[in-house]
Structure formats: structure tokens, C-alpha cells
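Working notes for the structure below.
As C-alpha cells, this is what we get:
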């Protein structure tokens, strides 16, 4: 199943330690699991507690840059990724409080500051420095909104932010210079919108934890309109599992995977052109991450062949082979890591 010439996937997470945040790097050898490949100081601090987020550790599409938030020291770190290590290039002020999520499109980088209910934009320079974009800081819908994730739309002309506490998704149009427009407030189709990703048609696929109620999680899809507002396509389709929080798309953009922290499972949905969502398995379980593992963040390898899930509760990363863009086969992962890890990225 692993024939062919491919370089092993790299997987990254962060410790979120208040005594100095670090990135942990792993190399994935499918038969052996995830082999530790060093820890790298970010130059900032974590919080030592959960961040209620998706997107704390993000790798650029070309695999050259790794972005990491330091929620305990209000900063953002940028690493250069090479074959066998990563190098810290810069750590900059996040222009807000408690950054929990970061997104990048070409030379634009935006960070979500959950503590100050705001977003801020940076320009990624050729030398690997980050410069705050003037007039790029914007407020979300209010204060104490429980913001979870920020992401660019696929074409880089918009930003979405999920707000867990208000059941809103705030969106912004973004100019070529990286200046966001005013916040557009969209009602979430389900309660506690959390993580999201975009399908091949550019629809936003958003998970809803529904306050963590048992077996009550759901997934919705939205069209992103030209003005940046959202229109519901599929409304709160049940996962039949508990606490669906994190979403990642298959390589072909037709299957949405979501981790269910309360059920220690992964659900998979088939995504149609018209935005309809259908579970690929009747019981809502495409894969199990292990008893009591409470999986949070998720990442797909660059070639789309491997899916990884992070379990902060028991300090493990589960690995799966992805068949036909939707079926999951469990592989050896990594165990015995520190608890409290946050964020997951792969290439």
C-alpha cells in the first residue's frame, strides 16, 4: 500500500507550554509510526490549557513556512521548513490578546486573537519576516465571542471566523493589499460552530459541537457570496457523535472528515456540488482514535494519503491511511507524548 517513491510526511504540533512553547516535529514512516524529529522553541509561551481552537499550527501550501501561535505571550512565530528540521525566522506581536488560530494565503497572514475578539493581518516578506499590515485589525461581532478558527477563503479574497459563544460566523472581504472590510455577521446553522475547511467547490464546511451535548454534533455547508456573506446550503447535518470540533477535507475536496472529541472517533461526509452532506457510514464512525483519546486537531498529508489526529488528553497522535479519499485504515502513530498539545499540521 505504501509502494512508490514518496518522501515521508512531516507532522507538526506544539506543546502550548507556559514555560516556553515548542514545536514538535515527527517524520511518518507508515510501518513504524510517527518518529520524533526534534523540538523547536517558538520564542513565545503557551497557556498550558486548552485553547478551544482549530489552526494553531499551520503549514503553507508550498510546505516552506510553518506558522505557530503563542497564546500565552500574544505572539506569532514563523519557521522555515527544510527536509530534516525547521528554523525559527521571527516571532512577532500578534496585535491582540491570546492568539489561537492563524491562516495564510500567498503573502498574506492573518491571526485570530480570541482574548481581544479581533483579527490582525501581516505581510509575509521574501526574507521570512512578518510585517503588520496597517489598518488590518478588525473586531469580531462583540466581546467574549469564543472565537475558534480563522481561515482565508480559497481565493484569498475573504476571511471567516467561527464564534462558539455567539453561534455566529463572522466574515470579512479582504482587499489585495490585505485590508479587511467591515465584519459581516452570519447566523450559524447549528450551535457552537467550531472548525471548518473548504471543499472543492469553495463551500465552507463547518462543524458544530452543539455545546458538547451527547451524540448531537453536526456539520453544515455554506456558499461564500461575492460580498463575503454566507448562505446556508446544508443545515446542521448530524454526525450522530459527540463534540465534533475539527474539520479537514480529503485531497479531492469531496470528503469532509471531522473528529468527535466526545466519542473518540472520526466521521466522514461526502460533499456534493450543491452542498449536500451525507455520512459515509451509517453509524457515523469512519475511524476510531482509541478509547478515551478525545481527538482534537486533525491534519492531512500533502499527498492526501494519510490523516492524523491529535489527542491532547492522552498525549498521542493517531495515523490513518486514506483509501479512495474517504475510507480510513488505522496505522501506528505516536504515544507517550506530553498532554496539553495543541494544533496539528502535516506535509
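Residue numbers (this note's numbering): 591 to 937. Glycine residues also receive a C-beta, built at the ideal position from the N, C-alpha and C atoms. Because the structure is a prediction, the values reported are computed rather than measured.
Would you kindly report the start and end of the unbroken beta strand (DSSP E) that includes residue 912?
906-913
Taking the continuous beta strand (DSSP E) assigned at residue 695, which residues delimit it?
689-695
Rounded to a whole number of angstroms, what is the C-alpha to C-alpha distance between residue 890 and residue 876?
15 Å
The beta strand (DSSP E) with residue 896 in it runs from where to where?
896-901
Here's the rule: buried if 16 or more other CB atoms are within 10 angstroms of the residue's CB, otherwise exposed. What is residue 670?
exposed
At the level of alpha carbons, what is the spacing between residue 781 and residue 717?
42 Å
By Cβ distance below 6 Å, which residues in the same chain neighbour residue 662 in space, the five residues on each side in sequence not counted?
608, 635, 636 and 637
So for residue 711, helix, strand or coil by DSSP?
strand
State the Cα-Cα distance for the pair residue 749 and residue 741, rounded to the nearest angstrom.
6 Å
Out of 866, 837 and 854, which has the shortest C-alpha to C-alpha gap to residue 908?
854
Along the chain, where does the beta strand (DSSP E) that runs through residue 917 open and close?
917-924
Per DSSP, residue 877 forms a beta bridge with which residues?
856
Inter-residue CB distance, residue 857 and residue 869 (contact presumed, cutoff 8 Å):
6 Å
Can you list, in chain order, the residues of its chain whose CB lies under 7 Å from that of residue 817, leaving out five sequence neighbours each side?
763
Spatial neighbours of residue 624 in its chain, beta-carbon cut-off 7 Å, leaving aside the 5 residues before and after
601, 616, 618, 907, 909, 923 and 924
Buried or exposed: residue 888, going by 16 or more other Cβ atoms within 10 Å of its Cβ?
buried
Where does residue 595 fall in DSSP's three states?
In this predicted model, residue 595 has a pLDDT of only 49, less than 50, meaning its place in the structure is not dependable enough to derive any value.
For residue 622, count the other beta carbons within 10 Å of its own beta carbon; 16 or more makes it buried, fewer makes it exposed. Which is it?
exposed
So, with DSSP's three-state summary, where would you put residue 937?
coil
Every unbroken beta strand (DSSP E) inside the stretch 796-847 [3 residues or more]:
808-814, 820-828 and 834-839
Name the one or two DSSP bridge partners that residue 729 has.
708
Burial state of residue 591 (16 or more Cβ within 10 Å)
Note on residue 591: pLDDT 49, under 50, position unreliable in the model; the coordinate value appears next. Exposed, since its Cβ has fewer than 16 Cβ neighbours within 10 Å.
Is the CB-CB distance between residue 795 and residue 806 below 7 Å?
no
Going by C-alpha to C-alpha distance, which of 757, 686 and 735 sits closest to residue 1013?
A question about residue 1013 goes unanswered here, because the residues of the chain that appear run from 591 up to 937.
Output needed for residue 633: all residues of its chain with C-beta closer than 7 Å, excluding positions within five of it in sequence on either side, in chain order.
667, 678 and 681
Mind checking who residue 723 pairs with in its DSSP beta bridge?
Bridge partners of residue 723: none, in fact.
On the premise that residue 723 lies in contact with residue 769, defined as a C-beta separation below 8 Å, what is that separation, rounded to the nearest angstrom?
7 Å
Since residue 739 is in the beta strand (DSSP E), which residue starts that stretch and which ends it?
737-742
Given residue 773 as reference, the closest of 734, 728, 899 and 933 once Cα atoms are compared:
728
Does DSSP put residue 791 in a helix, in a strand, or in coil?
coil
Express the C-alpha separation of residue 693 and residue 656 in angstroms, rounding to a whole number.
11 Å
Start-to-end residues for the beta strand (DSSP E) that takes in residue 753
748-753
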